[in-house]
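Here this note's numbering is used: the first residue of the sequence shown is 9, the next is one more, and so on. Quick reminder that beta carbons are idealized off the backbone N, C-alpha and C, glycines included. Values in this document were obtained by computation on a predicted structure and should not be read as measured data. Working notes, structure below.
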Amino acid sequence: MDFRRTYHAEVLQSRRDRARRAIFWSRATGVLLMITVAATLRSEPELRRVLADAGIDAMLKVTGRVAAPQLADASAVTSERMPVSRVKVNRPAIAAPSEGHDTQATADALGQALAERRITD
9 MDFRRTYHAE
19 VLQSRRDRAR
29 RAIFWSRATG
39 VLLMITVAAT
49 LRSEPELRRV
59 LADAGIDAML
69 KVTGRVAAPQ
79 LADASAVTSE
89 RMPVSRVKVN
99 RPAIAAPSEG
109 HDTQATADAL
119 GQALAERRIT
129 D
C-alpha cells in the first residue's frame, strides 16, 4: 500500500515537472518567434505592405464590405478627405529615425491604401 502511494505521488510530480518544462519552452519559443517576425517585418517593407493588403482584404470579407472600383485619379479625390495627422510620442528626439523605419510614412502609406480602396457598405 505504501509503494502504491509513493509511486502515485512520483507520477504526479513527474507530470507537473513535464508540464512546467513544456510551458517554459513554449514561452521561450513564442518570444523567439515574435522577435523573428518583428525583425523580418521591420526589414522588409514590401512584405509589410503585402501583409497589410492581405489583412485589409480579409477584414473586408469578414465584415461583408466591398472595395469600390478604382478611379483613374483616386489619389486626388481621397487626399482632400484625409485628415492631417502626425505620430506623437512623449519622448525627446535623440536621433532622426532611419529611412526604413519611419512610422509616419508607414501610417501614411496604409492610410493611402485604405483611401484608394474606397470601402463601401
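If the criterion is Cβ atoms closer than 8 Å, does the pair residue i and residue j meet it?
| i | j | result |
| --- | --- | --- |
| L55 | T48 | yes |
| A113 | D61 | no |
Can you find a heavy atom of the ligand MG that lies under 7 Å from the Cβ of residue i?
| i | result |
| --- | --- |
| A115 | This structure lacks the ligand MG; in fact it carries no ligand of any kind. |
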